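Position 191 (the sequence shown) corresponds to 190 in numbering that gives the first Met the number 0; numbering is contiguous. Report on one structure; see the data block that follows.
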Amino acid sequence: MSEVTVNTEWLSDCSGCHIAIVDLHEKILNVLQAVKIQRCPVLTDIKGYPHATVGLVSGAIRNEHDRHAAIEMRKCCDIVIAWGSCAVFGGPAGAGNIHTPVEIGRAVYLENKTTTSAAPPSREVSPLESLVSPLDSVIDVDLYLPGCPPHPAFVFEALSALVEGRQPEVNRRSVCAKCKRKMEKTDVSEIKTNSEGFPNADQCFLSQGYSCMGSVTIDRCLAPCPANGVPCTGCAGATMQILTEPNRDIRTEIAERMSRLTKIKREVIVGALERASKSHYSYTMATSMIGNKPTFHIKKWIEDENADYEAGGAA
Ligand code: SF4
Ligand code: SF4
Ligand code: SF4
Numbered sequence: 000m001s002e003v004t005v006n007t008e009w010l011s012d013c014s015g016c017h018i019a020i021v022d023l024h025e026k027i028l029n030v031l032q033a034v035k036i037q038r039c040p041v042l043t044d045i046k047g048y049p050h051a052t053v054g055l056v057s058g059a060i061r062n063e064h065d066r067h068a069a070i071e072m073r074k075c076c077d078i079v080i081a082w083g084s085c086a087v088f089g090g091p092a093g094a095g096n097i098h099t100p101v102e103i104g105r106a107v108y109l110e111n112k113t114t115t116s117a118a119p120p121s122r123e124v125s126p127l128e129s130l131v132s133p134l135d136s137v138i139d140v141d142l143y144l145p146g147c148p149p150h151p152a153f154v155f156e157a158l159s160a161l162v163e164g165r166q167p168e169v170n171r172r173s174v175c176a177k178c179k180r181k182m183e184k185t186d187v188s189e190i191k192t193n194s195e196g197f198p199n200a201d202q203c204f205l206s207q208g209y210s211c212m213g214s215v216t217i218d219r220c221l222a223p224c225p226a227n228g229v230p231c232t233g234c235a236g237a238t239m240q241i242l243t244e245p246n247r248d249i250r251t252e253i254a255e256r257m258s259r260l261t262k263i264k265r266e267v268i269v270g271a272l273e274r275a276s277k278s279h280y281s282y283t284m285a286t287s288m289i290g291n292k293p294t295f296h297i298k299k300w301i302e303d304e305n306a307d308y309e310a311g312g313a314a
């Protein structure tokens, strides 16, 4: 392949995916020798959209600006990569789909207990669309690179493959494949919240009653969280099995595994996961691949949980 030119663009996101390029460290020199980064919001001040071989687009579609920028990137780039869980699935911003833009504006600008600002966004700010959507709801995408952000190894592999003119290596494994914790049967009889107790460092979190999402999450990170004492929260998005098989779902799959490993009943685990669904589905809630499953009830589960919380008089 002749010189590969790269444009990047960020839509509604936290900029973490762009920072992942910096995390390539010295490997970025190999990439830079082979590619010319000509448009990159964190590095360059180009407002237009020059023609490029590859377009890396991070972030979800949340407002008019995102939609416009996505369409411009599609027009000017031969290959478009949805880069990071926000672009692929809607990402954490997708949890905003539980609320209307008016509710969000009110909570953030008018009723925010931690700031004194009472000014809603001015008309110069691009208005929110009614729902958060993944990139491919607006433009055609050629390659998906989920992760929050994707581990630099996967970014490097994707860019190297494009430079070398080959298909990138595809890894369909779950986070469990890289996790060293052991799944074993226990007498644990109660599900725990992730902030409860002191988990054993060698045993699978599911064996201990913690709802780790590693088994339903695609590995785009090399499993850093369970290696450092924290259950996986599914930030890279669901595995292909969950996405493509109609009867498989995040909460039922986790419940199935945890109930086989512990003495906790499957229905109890399903109920606990439903009550915490705003967390468990936050990264993928905006994609129809998840939204079209039985999880279309997510909004109801969250409303029920909020009602229980209010009824309990929690501060
Ligand atoms: S995928 Fe994660 S790191 Fe990347 S922009 Fe979205 S929230 Fe940030
Ligand atoms: S469920 Fe979590 S703790 Fe258990 S093996 Fe998978 S990633 Fe590791
Ligand atoms: S282990 Fe899970 S939460 Fe942690 S980075 Fe990987 S996918 Fe994200």
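Glycine is no exception: its CB is placed at the ideal position from the N, C-alpha and C atoms. It should be emphasised that the depicted structure is a prediction, and the values quoted were computed from it without experimental measurement.
- Between TYR282 and SER84 a beta carbon distance of about 5 Å is seen, short of the 8 Å cut, so the two are scored as contacting.
- Rounded to the nearest whole angstrom, the C-alpha separation of ASP141 and VAL79 is 5 Å.
- Around the beta carbon of SER129, a 10 Å sphere encloses fewer than 16 other beta carbons of the protein chains shown; the residue is thus reported as exposed.
- In the three-state DSSP reduction, LYS35 falls in the strand class (E or B).
- As the crow flies, the alpha-carbon of GLY104 is around 7 Å from that of PRO119.
- Rounded to the nearest angstrom, the gap between the Cα atoms of PRO225 and ASP77 is 38 Å.
- Assigned with DSSP and collapsed to three states, ALA59 falls in strand.
- Comparing alpha-carbon positions, the option among VAL269, TRP82 and ALA81 lying closest to ASP248 turns out to be VAL269.
- Nearest to CYS175 by C-alpha distance, out of ILE190, PRO230, PHE153 and ALA271, is PRO230.
- C-alpha of ALA51 to C-alpha of VAL169: approximately 24 Å in a straight line.
- At least one heavy atom of ligand 2 lies closer than 6 Å to the C-beta of CYS231.
- Not one heavy atom of ligand 2 sits closer than 6 Å to the Cβ of PRO198.
- When only Cα atoms are considered, SER278 and GLN207 end up about 20 Å apart.
- PRO167 has its alpha-carbon roughly 40 Å from the corresponding atom of ILE190.
- Going by C-alpha positions, MET182 is about 39 Å away from TRP9.
- Secondary structure of THR251 (DSSP, three-state): helix.
- In its chain, beyond the 5 residues on either side, LYS264, ARG265 and ILE268 have a beta carbon closer than 7 Å to the beta carbon of SER258.
- For GLY83, the CB falls within less than 6 Å of some heavy atom of ligand 1.
- In this structure, THR216 has its CB closer than 6 Å to one or more heavy atoms of ligand 3.
- Collapsing the DSSP output to three states places VAL21 in a helix.
- Cα atoms of LYS35 and VAL21: separation of roughly 15 Å, rounded to the nearest angstrom.
- Ranked by Cα distance from ILE217, the first of THR243, ALA200, THR4 and LEU205 is THR243.
- For MET288, same chain residues with a beta-carbon under 6 Å away, outside a window of 5 residues either side, are LEU242 in chain order.
- With 16 or more other Cβ atoms from the protein chains shown falling within 10 Å of its own Cβ, SER132 counts as buried.
- The Cβ neighbour count for MET212, taken over all protein chains shown within 10 Å, is at least 16; the residue is labelled buried.
- With distances taken between CA atoms, ILE301 lies nearest to GLU273 out of GLU273, ALA285 and LYS26.
- In terms of Cβ geometry, SER214 and ARG256 form a close pair [threshold 7 Å].
- Taken atom to atom, the span from the alpha-carbon of LYS46 to that of LYS74 is near 15 Å.
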